[in-house]
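So the structure is just underneath, and the comments pick up after that.
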Amino acid sequence: MGIFKTRQNKKFNYIPRHYKGDGNPYEIKHKFDDHRKTIGKVGLKGTFENAMDDYKNTPDQAANRRTLIIVGILIFIFLVIIGFDLSIFFPKG
């Protein structure tokens, strides 16, 4: 038991006696785990690199555009809250 190690949860391989089907009906699994690359122990840097790779190689460009619009709106709201002078972005005329 190390000082800096996190304790891992116990895993049990229980199979019901009278269950006729594929896999374990009691297995707890997220809905999209089969489609994600960011699942698993790869560290913070590896997780960030996988997320950026997914973002760059996503075939759904509408989702990327929506993400950029949301980030832009949040940055604009942050600038308004801190009192940044937004008049430098608008030309006078």
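With the first letter of the sequence shown counted as 1, position 83 gets the number 83 in the UniProt record's numbering; the numbers rise by one all the way through. C-beta: ideal position from N, C-alpha, C; glycine also. All values derive from a computational prediction rather than experimental measurement.
> Do you know offhand how far Asp53's Cα is from His18's?
Replying inline: 44 angstroms
>> Does Glu27 come out as helix, strand or coil in the three-state DSSP assignment?
In response: coil
> How big is the Cα-Cα spacing for Ile81 and Thr6?
Replying inline: 39 angstroms
> Is Gln61 helix, strand or coil when you go by DSSP?
Replying inline: helix
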